[in-house]
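J.: Position 552 of the first sequence, counting from 1, maps to 552 under UniProt numbering, and the rest follow consecutively.
From the three backbone atoms N, C-alpha and C, an ideal C-beta is built for every residue, glycine too.
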Amino acid sequence: PYLEIIENPKSRGFRFRYTCEGPSHGGIPGGSSDKNKKTFPAVKICNYQGYARIVVQLVTNEENPRLHPHSLVGKQCQNGICTVQCGPKDMTATFPNLGIQHVTKKNVATILEERYIAAEMQLSSINDGFPQEDRKRISVKATSEAKSIDLSVVRLMFIAYLPDSNGAFTIMLKPVISDAIFDSKAPNAATLKICRMDCNAGSASGGDEVYLLCDKVQKDDIQVVFSEEDMQGNNIWEGYGNFSPTDVHRQFAIVFRTPQYRDVDIKQPVNVQVQLRRKSDHEVSEAKPFTYLPNKSDLELIDRKRRKPMPDFVDHLGNGNTGGYSFAAGSNVQQSYNFSSSPAGGDNGGGKVKEARRPPAKQQNPQKGPMDPTMLLKLNRIKTEPVSWAKWAERNSTALHDYSITGDVRMLLVLQRHLTSIRDHSGDSVLHVAVIHDQLEVLSSLLDVVATLDNKQSIVDAINKQKQTALQVAVLTDNVEAVIDLIKMGANPLILDSYGNHSIHVACRHGNASILYHLLNSKQLDIMQMDMKNHDGLGCFHLAAKASQGTRQCLGLLKSNNFNVNMADTKSGRTALHLAVEMDNLVVAGCLISECDADMEAATYEGYTPLHVAASLGLCEIATLLLACGADPDASTSPP
DNA sequence: CGGGAATGCAT
DNA sequence: TATGCATTCCC
1 PYLEIIENPK SRGFRFRYTC EGPSHGGIPG GSSDKNKKTF PAVKICNYQG YARIVVQLVT
61 NEENPRLHPH SLVGKQCQNG ICTVQCGPKD MTATFPNLGI QHVTKKNVAT ILEERYIAAE
121 MQLSSINDGF PQEDRKRISV KATSEAKSID LSVVRLMFIA YLPDSNGAFT IMLKPVISDA
181 IFDSKAPNAA TLKICRMDCN AGSASGGDEV YLLCDKVQKD DIQVVFSEED MQGNNIWEGY
241 GNFSPTDVHR QFAIVFRTPQ YRDVDIKQPV NVQVQLRRKS DHEVSEAKPF TYLPNKSDLE
301 LIDRKRRKPM PDFVDHLGNG NTGGYSFAAG SNVQQSYNFS SSPAGGDNGG GKVKEARRPP
361 AKQQNPQKGP MDPTMLLKLN RIKTEPVSWA KWAERNSTAL HDYSITGDVR MLLVLQRHLT
421 SIRDHSGDSV LHVAVIHDQL EVLSSLLDVV ATLDNKQSIV DAINKQKQTA LQVAVLTDNV
481 EAVIDLIKMG ANPLILDSYG NHSIHVACRH GNASILYHLL NSKQLDIMQM DMKNHDGLGC
541 FHLAAKASQG TRQCLGLLKS NNFNVNMADT KSGRTALHLA VEMDNLVVAG CLISECDADM
601 EAATYEGYTP LHVAASLGLC EIATLLLACG ADPDASTSPP
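1. Between L276, V314 and N271, which has its C-alpha nearest P294's C-alpha?
2. Using the beta-carbon count (16 or more within 10 Å), is D485 buried or exposed?
3. Using DSSP with H/G/I as helix, E/B as strand and the rest coil, what is Q218?
4. Looking only at C-alpha atoms, which of A576, C195 and S178 sits nearest to P29?
5. Among N188, M528, M121 and L58, which one has its Cα closest to the Cα of L156?
6. If distances are taken between C-alpha atoms only, which option among Y292, R277 and K219 comes closest to G202?
7. Quick one, are the C-beta atoms of F563 and D531 less than 7 Å apart?
8. Please list, in chain order, all residues of the same chain as P187 whose beta carbon is under 7 Å from its beta carbon, the five residues on each side excluded.
9. Write down the C-beta distance between L555 and Q529 rounded to the nearest angstrom, noting that I regard them as a contact closer than 8 Å.
10. Looking at the unbroken beta strand (DSSP E) that takes in E4, where does it start and where does it end?
11. Decide if V565 is buried, meaning its Cβ has at least 16 other Cβ atoms within 10 Å, or exposed.
12. Report the residue from H70, H425 and V56 whose alpha carbon sits nearest the alpha carbon of R17.
13. The alpha helix (DSSP H) with K305 in it runs from where to where?
14. What does the Cβ neighbour count give for K546, buried or exposed, with the cut at 16 atoms within 10 Å?
15. How far does the beta strand (DSSP E) with L162 in it reach, from first residue to last?
16. Among V274, D230, D247 and I111, which residue has its Cα nearest to the Cα of V224?
17. Excluding the 5 residues preceding and the 5 following N79 in the sequence, name in chain order all residues of the same chain whose CB lies nearer than 7 Å to its CB.
18. Along the beta strand (DSSP E) that carries H418, what are the first and last residues, could you check?
19. Tell me the rounded alpha-carbon separation between S205 and Y261.
20. Grab me the residues of D497's own chain with a C-beta within less than 7 Å of its C-beta, minus the 5 sequence neighbours each way, in chain order.
21. Helix, strand or coil for G282? Go by DSSP, reduced to three states.
22. Who are the near neighbours of P245 in its chain, counting only those whose CB is closer than 8 Å to its CB and skipping five residues on each side?
23. Please report the straight-line C-alpha distance between I149 and H68, rounded to a whole angstrom.
24. Taking the straight line between their C-alpha atoms, what separation do you get for V108 and T94?
25. Do L98 and G74 have their CB atoms nearer than 7 Å?
26. What are the complete beta strand (DSSP E) segments, minimum 3 residues, inside the segment 19–100?
27. Within the same chain, show all residues whose beta-carbon is closer than 7 Å to that of S503, passing over the 5 residues directly before and after it, in chain order.
28. Going by the CB atoms, is the gap between I459 and T406 shorter than 7 Å?
29. CB S184 to CB F40, shorter than 7 Å?
30. Return the first residue and the last residue of the alpha helix (DSSP H) that F541 is part of.
31. What number of angstroms, rounded off, separates the C-alpha of Y240 from the C-alpha of R417?
32. Under a Cβ-count criterion, where at least 16 other Cβ atoms within 10 Å of its own Cβ denotes burial, should L299 be classed as buried or exposed?
33. Hey, C82 and L72: beta-carbon distance below 7 Å or not?
34. Just reading off the alpha helix (DSSP H) that E441 is part of, what are its end residues?
35. Whole angstroms are fine: how far does the CA of G618 sit from the CA of A576?
36. Kindly list the residues whose CB is nearer than 6 Å to the CB of V588, restricted to its own chain and excluding five residues on each side of it in sequence; keep chain order.
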């Protein structure tokens, strides 16, 4: 005969209870237990029929199990041990009401001692106590073992006894031991759970910051795992959220950066899973969805614009298409096309110049009817003089001749100067377009004719749909010459794009010192405006520190233009030096300290100095640098 | 049962 | 002495 486990206890999610919490808190569920169908641990005696006794007690989760000081409590339990009868027909025994009582730490040794004594009494037939030396021996053993026992995990040891010829249950079958049961209240075994995320989508290139609220975790023993399954449910990709222990807030929140997806160039959104994973035992939380989106950086949009097929002049022969360009809906300027470039009177002048179609009336905004032409002209401050068709044609042909003589395209452009305010479907003006396509000569010519307009400032500073000025596009594409030209024409470097970045921010982010230099030299800049934080809460020093190149020169320029090197970012109070340390960038950190006079003791909202950050990330070199430069090794994390 | 306050322990 | 978290207790 032998004893066999037919239902193991559930490993996780059961809470051990202290004596003070009272007995009845529900029993250990079975491994296959679920909400609608509860099961319990159970064993079966095989190859035997008749009465039997089964004893259950707690043992450690070790290769060689030891008695555990916790107690089994419940119906048939006494002194931490559960004893039941079974048979003679049904040889299974189920245990529906087993509780685990948590011994307090300081009682471990005492309880263990009792257990050992009880066990020895069982084995030996001595009933009248032990000699003093045995007591002593057991006490010493209990004290020494007490230290090494893990109170957060137990296993059930089942021992079956069959009756001997006297009917006494003395025939012991081989003990069987269950799977481990972990205390769900123990910090290192608690159930992992994602409660909330501030965002569930991000760029395929990763690096997006996510705030995740969770049930209690241990900051040194937790990971955020991104994973993807194929149709068959096989795991085909895994990435890890990027954070350090200091990014785990009070055990209940994690601020991390998303990992790069396996394919940065996805064309469609990809759905993956996020879950928490405990490093020590590989336990995971339930997964939550996360979507990787195709990269849509500003640069990529520009790249897309560049890849559009080149127009051909024969497209403009007047067969009803405009060469693929549509005009920005709702823009007033498009209507001005008719009035400022066509002969007075608005007849179509024999079709020599193709006239833009009037856009369909704007449906979303029906009360806004077609605008009175004179009002329109006023609004656009477009100077027009009524000219006859003949006069208009004469001007054009003269211009064309002059162009033939000089090769100076401005001869032609000047007649179209009012059209420079027209935008395409991306909201780009001709200035944007010239910059995007790196047409420096064109840009220069356009700027020359724009300069003759009264509203030249608004044309130079026009923004597209991403709220970028032509100057911003030039900065974004590292086009120094274009930047110089635009600045010369008075372009405003402080206009904010949709991320709250002005041109100086972008130059810093790109680490383009040459462009930064020219931007900083444009006229009438106010340091207050220049040294602003963008929508990510970062200032110029932060962006320059994070740049992958040109950092030193940019930092130097910022410093000499009185930018604040100690500016704290809005989200967490980190300075540029904190960022440099986080990136483990010795060069940038050194430059910030020695050349920009960065404050070594600047503290984040949580009170971390750069040295704290270095220490928590285990960055020896950079910590050494900070110390060598005089950082305070005793700085506390709680400023007064 | 589960949430969480109170207490204790290790720095 | 104060903090951060584990342990214990309470509801």
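T.: Reading from the atomic positions:
1. Out of L276, V314 and N271, N271 has the C-alpha closest to the C-alpha of P294.
2. By the C-beta density criterion, D485 is buried, having at least 16 other C-beta atoms within 10 angstroms.
3. Looking at Q218 - three-state DSSP - the assignment turns out to be coil, as it is neither helix nor strand.
4. That would be S178, whose Cα lies nearest to the Cα of P29.
5. L58
6. Y292
7. yes
8. K216 and Q218
9. No, L555 and Q529 are not in contact; Cβ-Cβ is about 20 Å, not under 8 Å.
10. Y2 to E7
11. buried
12. Per the Cα distances, H70.
13. D298 to R306
14. buried
15. V153 to P163
16. V274
17. A118
18. Unbroken run through H418: none, as it is neither H nor E.
19. 6 Å
20. Q466, K467, Q468 and Q472
21. Note that residue 282 is His in the sequence shown here, rather than Gly. The answer is coil: DSSP assigns H282 none of H, G, I, E or B.
22. So the list reads K219, D220 and S616, once near-sequence residues are dropped.
23. Whole-angstrom Cα-Cα distance: 8 Å.
24. 29 Å
25. yes
26. With a minimum length of 3 residues, the continuous beta strand (DSSP E) runs that stay inside the segment 19–100 are 42–46, 52–59, 71–73, 81–86 and 92–94.
27. L471, Q472, V475, P493 and L519
28. no
29. no
30. Per DSSP, F541 belongs to the alpha helix (DSSP H) from C540 to K546.
31. 54 Å
32. With fewer than 16 other Cβ atoms within 10 Å, it is exposed.
33. Yes, they are a contact pair.
34. Under the DSSP assignment, E441 falls in the alpha helix (DSSP H) whose first and last residues are L440 to V450.
35. 19 Å
36. When the five nearest sequence neighbours on each side are left out, the beta carbons in the same chain lying within less than 6 Å of the beta carbon of V588 are those of A545, T551 and A580, in order along the chain.
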